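K.L.:
Numbering (our numbering), first residue to last: 18 to 577. Cβ atoms here follow ideal geometry from the backbone N, Cα and C, with glycine treated the same way. Quick caveat: nothing in here was measured; it's all calculated off a predicted structure. Please see the structure below; I have some questions.
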Amino acid sequence: MPPQFIAECLDCGNQFPYSPHTLACPKCDGQWSEARYDYPSLGWSLPARLSQRPFDLWRYRELLPIHDFNTSYCMGEGGTPLVHAANLGMMLGCPHIYIKDERQGPTSSFKDRQAAVGIASLKEHGITEAVLASTGNVAISYSAYSARAGIKLWAFLTSLVPAEKMREVAVYGTQVVKVTASYDQAKKVAAEFARQRGLCMERGTRTIPSVEAMKTIAFEIIEQFTAVIDLEQRPAPLLPPPWSVPDWYFQSVSGGLGPLGVLKGFCEFKQMGLTNRIPAIACIQAEGCAPMVHAWKQHLEVAEPVHSPRTHIATLATGDPGRTYTLLYQRMQEAGGFFESVTDEETFRAIHILAKMEGFSVEPAAAVAFAGLIKAVRAGLIQPTDTIVVNCTGHTMPVEKMILGEGWARSVDMPAKTLAETPEEGILAALRGVTAERFPRIAIVDDIPEARRLLRRILQSQGDYTIYEATNGREAIELAKKELPDLVILDLMMPEVDGFGVLDALKADPNTAHIQVVVVTAKELTSQEKERLRGQIHALMQKGEFMSDELADEVRALVK
Ligand SMILES: Cc1ncc(COP(=O)(O)O)c(C=O)c1O
Ligand SMILES: [Zn+2]
């Protein structure tokens with residue numbers, strides 16, 4: 018079979034056939050190479066082929082470094098959903114946020130793509146034993162695929178990896194080696210082990226199949242975005258290029274394999290003439306281990322390693338990104354974007370927001386990207402009209418104790434049955450303590466359905482309230498007179514009777530004059546309008562500028 022791709026040395030440009038055994042360029046001994054394909058011919062032939070194939074990673078097989086892929090150990094990798102985050106978008110004032118839900122891979126992280134392609138490559142080169150170092154998720158994914166493909170795997174895990182993840186690796190039958198040191202040191206130990214035993218090692222951004230696998234995230238996003246944005250009402254699966262691209266791609270970053278591969282994917286579709294631009298890339302690191310962010314902020318092309326990472330988020334603990342950072346730095350000059358860091362606290366808060374507002378339970382390494390998005394929106398780096406895709410890379414794990422605090426569950430104590438009691442009486446008595454009989458009553462007044470949905474969700478998830486909704490000012494006045502809520506959450510800009518009109522009507526009626534009002538508005542208020550509200554309302558919150566817990570705290574304090 019003719020080679021569909023060739024390895025190209027990043028130092029001297031020499032092209033040579035790829036083999037997992039070739040660790041360096043045969044001409045200059047350079048360690049870094051990348052796969053190249055016949056882009057002009059693929060740009061012409063790929064769209065028609067795509068329209069015939071299922072939505073999984075292998076639909077892009079002509080752009081992957083595998084010659085004859087064997088479906089017998091596939092597990093449905095790739096083809097993950099792109100989900101609109103309506104509540105989060107509403108809360109942040111950026112309605113076009115989409116989540117690339119990589120939790121839905123076979124072992125629930127985006128590393129499944131890397132393992133699927135990596136193991137396929139090892140298999141087609143007849144390799145039956147391999148080594149890797151990991152902060153957890155790579156080892157889990159590789160272990161699952163190794164089990165299916167008949168490859169013996171050695172996983173060197175830094176002792177910072179949570180015990181649950183380590184055990185999961187072991188359950189798959191992988192040989193686990195715990196290294197009581199940083200991840201960077203674990204990688205060195207693993208490399209020496211592989212060298213001594215003559216075994217192939219997964220080397221992240223220096224392993225061609227790993228980078229190539231990550232490209233498929235970009236390919237899928239482009240296809241999904243083209244459908245979301247251009248295809249809304251049109252059934253035709255194949256639109257003529259150029260296809261659509263989001264404005265931003267957000268990703269949590271440790272070694273940088275994710276953004277490097279995804280960026281290559283966006284570039285290749287552009288090179289093939291299927292798109293005409295690439296998104297800006299936002300790389301988010303944990304503040305306690307953010308060598309790339311430090312370098313980026315000082316406009317440095319080379320990152321200074323962080324020797325002792327200080328973060329709870331062990332998954333992201335690559336202290337020395339090496340040349341990967343330099344490649345990202347150079348390529349992002351053209352693509353645009355930035356590196357930013359977030360604290361563990363911001364990350365834990367993002368986990369909680371994502372779970373409560375969007376129903377997404379994620380591990381800290383994934384939440385780092387969302388915390389970065391929140392920070393970037395707050396800093397004005399993102400425009401409200403921008404389209405954003407966030408890679409939601411990892412599954413949940415025991416972080417609940419970090420985010421829930423005390424009192425997160427109510428308990429029902431079933432008393433020992435007395436002779437006189439029926440079973441129903443016993444249950445009723447036990448339930449009496451669960452919650453109050455009457456809840457504070459809150460009316461949400463907003464003409465935008467998504468805004469009502471967000472406000473309702475904030476209240477539901479953080480307290481016991483009876484919630485009413487009114488979709489315009491006139492309905493709001495009627496509702497207030499009839500239900501006499503304890504508090505009204507009031508939008509200002511509404512058709513017919515606006516928020517000011519509602520406020521006037523409530524104050525004019527002695528029955529409703531006492532009702533507390535929190536104004537939540539997208540309106541930039543003039544000084545005259547502020548004067549009109551003075552003394553009439555209990556709080557003023559700007560839409561897109563408050564987080565769910567801030568509004569919940571305000572409401573809780575008022576209706577206590
Ligand atoms: C869930 C999750 N997010 C992000 C990363 C960062 O990966 P990268 O090495 O691609 O920067 C990892 C790495 O293991 C991960 O497991
Ligand atoms: Zn070379």
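(1) By Cβ distance, which residues of its chain are closer than 8 Å to Glu321, with the 5 residues on each side in sequence left out?
(2) Who are Cys42's beta bridge partners in DSSP?
(3) Ligand 1 heavy atoms versus the CB of Leu333: any closer than 8 Å?
(4) What is the DSSP secondary structure of Ser36, reduced to helix, strand or coil?
(5) Using the beta-carbon count (16 or more within 10 Å), is Ile444 buried or exposed?
(6) Under a Cβ-count criterion, where at least 16 other Cβ atoms within 10 Å of its own Cβ denotes burial, should Arg120 be classed as buried or exposed?
(7) Kindly examine ligand 1 and report whether one of its heavy atoms sits closer than 8 Å to the Cβ of Met183.
(8) Measure the C-alpha to C-alpha separation of Gly221 and Lys205 and round it to an integer number of angstroms.
(9) For a cutoff of 9 Å on Cβ pairs, would you count Gln241 as touching chain D?
(10) In three-state terms, what does DSSP make of Cys409?
(11) Leaving out five residues on either side along the sequence, give the residues of the same chain with a beta carbon under 7 Å from the beta carbon of Ile298.
(12) Could you tell me if the beta carbon of Val42 falls within a distance shorter than 8 Å of some heavy atom in ligand 2?
(13) Relative to the alpha-carbon of Pro466, which residue among Ser478, Asp508, Asp481 and Ala187 has its alpha-carbon at the smallest distance?
(14) With respect to 8 Å, is the separation between the Cβ of Pro190 and the closest non-hydrogen atom of ligand 2 below this value?
(15) Given the structure, does Cys29 come close to ligand 2, in the sense that its CB is under 8 Å from one of the ligand's heavy atoms?
(16) Is the CB-CB distance between His185 and Ile225 below 9 Å?
(17) For Met108 and Val148, what's the separation of their Cα atoms in angstroms?
(18) Using the Cβ count rule (16 or more neighbours within 10 Å means buried), how would you classify Asp526?
(19) Tell me the rounded alpha-carbon separation between Arg366 and Pro37.
(20) Classify Glu318: buried if its beta carbon has 16 or more other beta carbons within 10 angstroms, exposed otherwise.
(21) Within 10 angstroms of the Cβ of Glu495, are there 16 or more other Cβ atoms? Answer buried if so, exposed if not.
(22) Ligand 1 and Phe267: does the residue's C-beta get closer than 8 Å to at least one heavy atom of that ligand?
(23) Do three or more CB pairs link the region 378-386 to the region 88-96 at distances below 8 Å?
(24) Could you check where the beta strand (DSSP E) with Ile195 kicks off and where it finishes?
(25) What is the DSSP secondary structure of His311, reduced to helix, strand or coil?
(26) In angstroms, rounded to a whole number, what distance separates the CA positions of Cys217 and Glu51?
(27) Taking buried to mean at least 16 other C-beta atoms within 10 Å of its own C-beta, is Val394 buried or exposed?
(28) What's the call for Leu568, buried or exposed, on a 16-neighbour Cβ count within 10 Å?
(29) With DSSP as the reference, identify every bridge partner of Met218, one or two as the case may be.
(30) By how many angstroms is the C-alpha of Leu256 removed from the C-alpha of Asp403?
(31) Are Tyr159 and Thr175 touching if we call contact CB-CB under 9 Å?
(32) In three-state DSSP terms, what is Met558?
(33) If you draw a straight line from the C-alpha of His412 to the C-alpha of Val155, how long is it?
(34) Just to check my reading of the structure: Gln131 and His84 have Cβ atoms closer than 8 Å, yes? What is that Cβ distance to the nearest angstrom?
(35) Ligand 1 and Ala383: does any heavy atom of the ligand fall closer than 8 Å to the residue's C-beta?
(36) Can you tell me whether Met18 is buried or exposed? The criterion is at least 16 other CB atoms within 10 Å of its CB, across all chains shown.
P.N.:
Judging by the given coordinates:
(1) Pro308, His311 and Ala312
(2) DSSP lists no partner for Cys42.
(3) yes
(4) coil
(5) exposed
(6) buried
(7) For Met183, the distance from the CB to the nearest heavy atom of ligand 1 is not below 8 Å.
(8) Those two C-alpha atoms are separated by around 13 Å.
(9) Going by chain labels, chain D is absent from the structure shown, which holds only one protein chain.
(10) strand
(11) Tyr266, Pro276, Leu280, Met349, Ala352 and Gly354
(12) The identity of residue 42 in the sequence shown is Cys, whereas the question assumes Val. Because some heavy atom of ligand 2 lies under 8 Å away, the Cβ of Cys42 counts as near it: yes.
(13) Asp508
(14) The residue you asked about is not Pro; residue 190 is Gly in the sequence shown. Gly190: no, Cβ never under 8 Å from ligand 2.
(15) yes
(16) At residue 185 the sequence reads Glu, which differs from the His that was named. In this structure, Ile225 does not lie closer than 9 Å to Glu185 by Cβ.
(17) 44 Å
(18) exposed
(19) 42 Å
(20) exposed
(21) exposed
(22) no
(23) no
(24) The sequence shown places Lys at residue 195, rather than the Ile named in the question. That run of the beta strand (DSSP E) goes Gln192 to Val196.
(25) helix
(26) 18 Å
(27) buried
(28) buried
(29) Val148
(30) The alpha-carbon atoms of Asp403 and Leu256 are separated by roughly 22 Å.
(31) no
(32) In this structure, DSSP gives Met558 an extended state, which the three-state scheme calls strand.
(33) 13 Å
(34) About 19 Å separates the two Cβ atoms, so there is no contact after all.
(35) It does: the Cβ of Ala383 is within 8 Å (strictly closer) of some heavy atom of ligand 1.
(36) Note that Met18 has pLDDT 44, beneath the 50 cutoff, so the model's placement of it is unreliable and no number is given.
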